[in-house]
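Participant:
Protein chains: 2
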Amino acid sequence: MSHSLTSVFQKIDSLKPQFFSRLTKAIQIPAVSSDESLRSKVFDKAKFISEQLSQSGFHDIKMVDLGIQPPPISTPNLSLPPVILSRFGSDPSKKTVLVYGHYDVQPAQLEDGWDTEPFKLAIDEAKGIMKGRGVTDDTGPLLSWINVVDAFKASGQEFPVNLVTCFEGMEESGSLKLDELIKKEANGYFKGVDAVCISDNYWLGTKKPVLTYGLRGCNYYQTIIEGPTADLHSGIFGGVVAEPMIDLMQVLGSLVDSKGKILIDGIDEMVAPLTEKEKALYKDIEFSVEELNAATGSKTSLYDKKEDILMHRWRYPSLSIHGVEGAFSAQGAKTVIPAKVFGKFSIRTVPDMDSEKLTSLVQKHCDAKFKSLNSPNKCRTELIHDGAYWVSDPFNAQFTAAKKATKLVYGVDPDFTREGGSIPITLTFQDALNTSVLLLPMGRGDDGAHSINEKLDISNFVGGMKTMAAYLQYYSESPEN
Amino acid sequence: MSHSLTSVFQKIDSLKPQFFSRLTKAIQIPAVSSDESLRSKVFDKAKFISEQLSQSGFHDIKMVDLGIQPPPISTPNLSLPPVILSRFGSDPSKKTVLVYGHYDVQPAQLEDGWDTEPFKLAIDEAKGIMKGRGVTDDTGPLLSWINVVDAFKASGQEFPVNLVTCFEGMEESGSLKLDELIKKEANGYFKGVDAVCISDNYWLGTKKPVLTYGLRGCNYYQTIIEGPTADLHSGIFGGVVAEPMIDLMQVLGSLVDSKGKILIDGIDEMVAPLTEKEKALYKDIEFSVEELNAATGSKTSLYDKKEDILMHRWRYPSLSIHGVEGAFSAQGAKTVIPAKVFGKFSIRTVPDMDSEKLTSLVQKHCDAKFKSLNSPNKCRTELIHDGAYWVSDPFNAQFTAAKKATKLVYGVDPDFTREGGSIPITLTFQDALNTSVLLLPMGRGDDGAHSINEKLDISNFVGGMKTMAAYLQYYSESPEN
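Residue numbers (the UniProt record's numbering), protein chains in the order written: chain A, 1 to 481; chain B, 1 to 481.
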């Protein structure tokens with residue numbers, strides 16, 4: 001370890017009481033972005049954070065007003081919380097790293113089943129755990145970037161990069177208008193950013209640190225089958241008219257089998273082949289079918305082997321059937337023949353699937369299946385929305401720096417993970433700023449981010465700050481961007 | 001024509017103004033059983049009808065209290081409308097005919113698109129049409145039984161049978177508690193009833209009178225597939241867990257094909273074979289594929305030939321898929337993997353299908369299909385409710401009398417029809433009283449019973465009353481019951 005990091009790490013340890021105090025003050029503000037009645041608290045928290053930035057020597061602090069929240073909304077003229085932009089350093093000879101985080105939180109009430117008041121940080125040093133809403137998602141990680149600056153300053157070490165913050169207050173409510181802001185500031189406030197680091201996800205499990213380099217995309221479709229002009233009585237018309245629901249079962253049933261295999265021709269060919277280099281990443285990842293079963297509360301896994309589960313979650317497409325609109329959907333019995341039904345399904349996309357080509361294959365498949373039924377009904381399939389997959393190069397400069405940092409702090413190489421779901425803002429940063437994005441999680445898979453008793457292990461908090469510090473240091477020393 | 005019927009028919013013609021007046025007074029009472037705020041009007045109408053019965057010489061009039069309406073209901077302690085029991089005659093040497101009708105009506109408002117006030121009878125003698133809510137369903141036919149008694153009396157002819165009325169006020173709202181009453185009175189008020197006649201359905205078309213001798217039954221099922229203990233995020237779990245919806249599409253898709261053919265083994269074998277005698281009944285029935293297409297507003301008929309359409313509506317089973325409970329069913333897109341889904345379908349049953357055996361075949365089929373999927377999920381199929389089919393002998397004494405009556409009045413043999421839907425009360429009468437039931441419709445297929453501008457042709461009103469009179473006369477003369 002370089003001398004500079006040793007002293008920074010020492011300061012992170014010794015400043016712990018100060019960092020706990022900062023986190024305590026932040027957690028006690030119930031900044032629930034989805035609760036319109038608490039919107040002023042979200043603003044209060046933004047103010048608190050901007051004060052922390054100011055005290056720690058950040059400059060050019062901007063509370064960017066995103067205007068009025070668009071509908072659907074109950075409160076008229078409700079202002080969106082500000083995005084907090086700020087800088088620490090602006091040395092043209094250094095690399096510039098943008099760090100994203102969010103200060104808003106999920107709702108929480110003691111009555112939901114919390115052991116302690118959710119908006120009062122409970123620090124249990126004996127158990128090594130801090131509990132409170134937002135502690136891991138994402139107030140703890142967000143404040144950590146400020147803490148790291150404090151530690152560098154206290155150690156008398158020069159901060160290795162120029163830091164830019166982009167802290168939003170609407171992540172738990174759809175990151176409204178953030179996309180537009182990023183695109184607008186790409187050549188403004190964010191000009192010159194070399195890399196983006198997001199600390200807003202989690203380790204896969206509870207023991208091994210991870211770096212996340214990919215997310216699947218999502219194409220959402222509906223197949224619409226219509227026949228009669230209005231719903232019909234099944235006593236009178238059952239057996240004499242072609243029922244749209246019967247046709248829909250055939251079309252939806254032709255998309256994927258019970259083993260999860262997608263039956264649409266041409267999709268497999270679009271999936272990037274597994275390279276030996278990528279394959280090697282899966283071998284050491286700490287995960288098991290037991291962990292999957294624990295998460296679903298069942299034994300419904302399609303695979304027994306860790307590698308198969310992870311690859312099908314991260315690097316292969318999947319097709320889920322979500323439901324049917326227009327048919328009977330309540331409890332009990334209703335003898336209607338629905339006249340027009342919408343079958344909803346989505347495909348999680350991965351490299352190198354092209355969204356337009358996928359849509360064309362899906363439509364071709366559904367049209368052909370429907371045609372084979374010789375039904376007098378009408379059928380069409382349409383895309384409701386698509387969001388692209390994201391995958392980064394886990395061997396690039398940022399990831400290499402983060403890997404080295406993790407090894408230094410935790411003594412092990414991190415697992416390189418992807419996630420099955422989408423975080424659309426990741427791709428927006430990558431595309432708008434034309435930079436690499438690193439997902440650098442701080443907490444563990446069992447932190448209960450959106451659940452009761454949200455926690456962050458103190459060792460992850462401290463280890464996470466040290467990892468951030470070392471990542472910035474190593475990245476600054478890297479010959480490439 | 002016997003002399004007695006000639007004079008009764010003359011009186012039916014000459015008493016027309018009086019019958020119009022009685023119908024006008026009845027129609028103006030908005031006896032909407034589904035509208036709790038109008039419940040007092042339903043009671044008013046019961047009172048009006050009991051007065052008419054009394055004036056016409058019916059005796060032993062009982063307004064049977066069915067107690068408080070069971071939930072779901074908004075108004076606490078809402079009384080059910082009474083069932084009106086009464087007799088005309090009690091001569092042990094005569095046959096006894098029970099006539100069923102209902103005095104409640106469907107909701108109606110001028111704003112729905114009526115040409116005239118729905119609760120004001122509009123008699124257009126030039127066009128030969130009466131318009132008003134309830135005129136054909138079922139106030140007109142109900143009052144006609146009283147009118148027929150009046151006509152016999154005015155003509156000085158002896159009434160040929162003992163008449164028993166069972167007039168209810170909740171038919172449009174599920175005939176609550178009527179079943180219990182019929183069973184209870186089978187050996188009480190209804191003791192000695194030889195035949196039951198219900199005038200509460202319609203001609204198949206607009207030109208040819210019909211007698212109805214069959215109704216299909218209905219077995220309603222749900223297939224329940226469950227896997228995970230809670231709904232899952234399709235980004236994280238799509239492709240790695242067995243999705244209940246995917247399995248359900250396979251099971252539901254295996255039940256019936258797009259041509260309406262039921263694919264469950266053993267059902268065809270239970271269906272009574274078509275006899276030459278029954279087949280002959282279809283040949284002359286006035287109906288066409290164009291009429292079916294007009295009713296569905298589409299060209300979705302599975303058959304071109306009249307006989308095929310009618311047989312598949314009346315005498316063959318059908319399977320309809322109604323919807324899915326537990327899955328996404330709203331507009332738009334939601335990326336959930338439903339944890340537990342209920343696929344709803346029903347089978348319209350016909351002679352000689354046995355409900356218990358059918359359920360066992362359905363369960364065997366669904367279990368086998370699910371097993372073939374090798375899914376780790378759990379699947380079971382259960383019966384939600386069953387209502388038996390009803391079929392009468394269209395060549396028995398009642399039908400023969402009604403056929404002869406129809407020929408006398410309209411100059412043509414009636415079509416013998418069945419209906420695809422269920423009228424459970426028909427079977428209750430047949431089983432509880434151990435008698436034959438005749439469905440003797442008065443109105444036409446285009447009367448718009450539950451729609452706007454409900455009408456009854458004056459010629460059907462008058463012809464219907466004459467048919468009722470002649471049916472009672474001929475039935476009384478029949479050597480058999």
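Even for Gly, the Cβ is constructed at its ideal location relative to N, Cα and C.
Candidates A/PHE20, A/SER90 and A/LYS11: which alpha carbon is nearest A/VAL135's?
Facilitator: When only C-alpha atoms are compared, the closest one is A/PHE20.
Participant: Between the region 168 to 185 of chain B and chain A, which residues of the former have a C-beta closer than 8 Å to a C-beta of the latter?
Facilitator: Answer set for the region 168 to 185 of chain B: empty.
Participant: Whole angstroms are fine: how far does the CA of A/GLY343 sit from the CA of A/GLY464?
Facilitator: In a straight line, the C-alpha of A/GLY464 is about 44 Å away from that of A/GLY343.
Participant: Kindly list the residues whose CB is nearer than 6 Å to the CB of A/LEU66, restricted to its own chain and excluding five residues on each side of it in sequence; keep chain order.
Facilitator: Taken in chain order, the residues that qualify are LEU80 and LYS177.
Participant: Tell me the DSSP secondary structure of B/PHE429 in three-state form.
Facilitator: In this structure, B/PHE429 counts as helix in the three-state DSSP scheme.
Participant: Which partner residues of A/SER301 appear in the DSSP bridge assignment?
Facilitator: DSSP, once it has assigned bridges, lists B/VAL241 as partnering A/SER301.
Participant: What in chain B is Cβ-close to A/TYR316, meaning under 9 Å?
Facilitator: Simply GLY239.
Participant: Per DSSP, which one or two residues make a beta bridge with A/SER86?
Facilitator: According to DSSP, which records beta bridges pairwise, A/SER86 is partnered with A/THR165.
Participant: Answer with yes or no whether the minimum CB distance from B/ASP386 to chain A is below 8 Å.
Facilitator: Taking Cβ atoms only, chain A never reaches closer than 8 Å to B/ASP386, which makes this a no.
Participant: For B/ALA122, does the three-state DSSP call read helix, strand or coil?
Facilitator: Correct three-state label for B/ALA122: strand.
Participant: Since B/LYS139 contacts B/LEU23 with CB under 8 Å, what's their CB separation in whole angstroms?
Facilitator: First, the amino acid is wrong: residue 139 of chain B is Thr here, not Lys. Contact holds; Cβ gap of about 7 Å.
Participant: Give the interface partners of B/GLU477 over in chain A, defined as CB-CB distance under 9 Å, in chain order.
Facilitator: Going along chain A, no residue has its Cβ under 9 Å from B/GLU477, so there is no contact; the nearest lies around 36 Å.
Participant: Suppose you measure from the CA of A/SER301 to the CA of A/LYS259; what does that come to, to the nearest Å?
Facilitator: C-alpha separation (whole angstroms): 10 Å.
Participant: Closest to B/LEU427 by CA distance: which of B/ALA388, B/ASN396 and B/LEU274 is it?
Facilitator: For the residues B/ALA388, B/ASN396 and B/LEU274, the minimum Cα distance to B/LEU427 belongs to B/ALA388.
Participant: Could you list the residues in the region 105 to 118 of chain B with a C-beta less than 9 Å from some C-beta on chain A, going in chain order?
Facilitator: Under the 9 Å Cβ criterion, the region 105 to 118 of chain B contributes no residue.
Participant: Taking the alpha helix (DSSP H) that B/ILE309 falls in, what are its first and last residues?
Facilitator: Note, B/ILE309: alpha helix (DSSP H), 306 to 314.
Participant: Can you give, in chain order, each stretch of the beta strand (DSSP E) that sits fully within the region 29 to 90 of chain A and has at least 3 residues?
Facilitator: Whole beta strand (DSSP E) segments, 3+ residues: 59 to 64 and 83 to 88.
Participant: Which value, in whole angstroms, describes the spacing of the CA atoms of B/GLN331 and B/ALA405?
Facilitator: Rounded to whole angstroms, B/GLN331 to B/ALA405 spans 55 Å at the Cα level.
Participant: Candidates B/PHE9, B/SER298 and B/PRO17: which alpha carbon is nearest B/VAL148's?
Facilitator: Taking only the C-alpha atoms, the option nearest B/VAL148 is B/PHE9.
Participant: Using a Cβ distance threshold of 8 Å, determine whether the region 403 to 423 of chain B contacts the region 207 to 219 of chain B, with at least three qualifying pairs required.
Facilitator: As far as the Cβ criterion goes, the region 403 to 423 of chain B touches the region 207 to 219 of chain B, which means the pair count is three or higher.
Participant: What residues from chain A crowd round B/PHE328, counting only those whose CB sits closer than 7 Å?
Facilitator: Per Cβ cutoff of 7 Å: HIS322, GLY323 and LYS344.
Participant: B/VAL196 and B/TRP203 - do their beta-carbons sit closer together than 8 Å?
Facilitator: Not closer than 8 Å, so no.
Participant: Can you find a C-beta in chain A that's less than 8 Å from the C-beta of B/SER298?
Facilitator: Interface residue, yes.
Participant: Grab the span of the beta strand (DSSP E) containing A/PHE190 for me, first residue to last.
Facilitator: That residue, A/PHE190, is in no beta strand (DSSP E); it is neither H nor E in DSSP.
Participant: Tell me the residue span of the beta strand (DSSP E) that contains A/SER320.
Facilitator: Segment 318 to 325, the beta strand (DSSP E) holding A/SER320.
Participant: Taking the continuous alpha helix (DSSP H) assigned at A/LEU281, which residues delimit it?
Facilitator: Residues 276 to 283.
Participant: Can you name the residues that DSSP bridges to A/ALA195?
Facilitator: Answer is A/VAL97 and A/SER436.
Participant: Pull up the distance between the alpha-carbon of A/ARG133 and that of A/ALA31, whole angstroms please.
Facilitator: Roughly 10 Å between the two C-alpha positions.
Participant: How close, in whole Å, do the beta carbons of A/THR381 and A/GLN363 come, if the pair is a contact with beta carbons under 8 Å?
Facilitator: Yes, A/THR381 and A/GLN363 are in contact; Cβ-Cβ is about 5 Å, under 8 Å.
Participant: Pick from B/SER173, B/SER459, B/MET270 and B/ALA230: whose alpha carbon is nearest that of B/LYS357?
Facilitator: The option with the nearest alpha carbon to B/LYS357 is B/MET270.
Participant: Say whether chain B places a C-beta atom closer than 8 Å to the C-beta of A/ARG348.
Facilitator: With 8 Å as the cut-off, A/ARG348 counts as an interface residue toward chain B.
Participant: Could you tell me whether the Cβ of A/LEU373 comes closer than 8 Å to any Cβ of chain B?
Facilitator: Yes, A/LEU373 counts as interfacial toward chain B.
Participant: Quick one: Cα of A/ASN77 to Cα of A/ILE68, how far?
Facilitator: Cα to Cα, A/ASN77 sits roughly 6 Å from A/ILE68.
Participant: Going by other Cβ atoms of all chains shown within 10 Å of its Cβ, with 16 needed for buried, is B/ASP137 buried or exposed?
Facilitator: Buried: at least 16 other Cβ atoms inside 10 Å.
Participant: Run the CB neighbour count on B/GLY156, radius 10 Å, all protein chains shown included, and call it buried at 16 or more, exposed below.
Facilitator: Exposed.
Participant: Less than 8 Å between CB atoms is the rule here; does A/ILE425 satisfy it with respect to chain B?
Facilitator: Taking Cβ atoms only, chain B never reaches closer than 8 Å to A/ILE425, which makes this a no.
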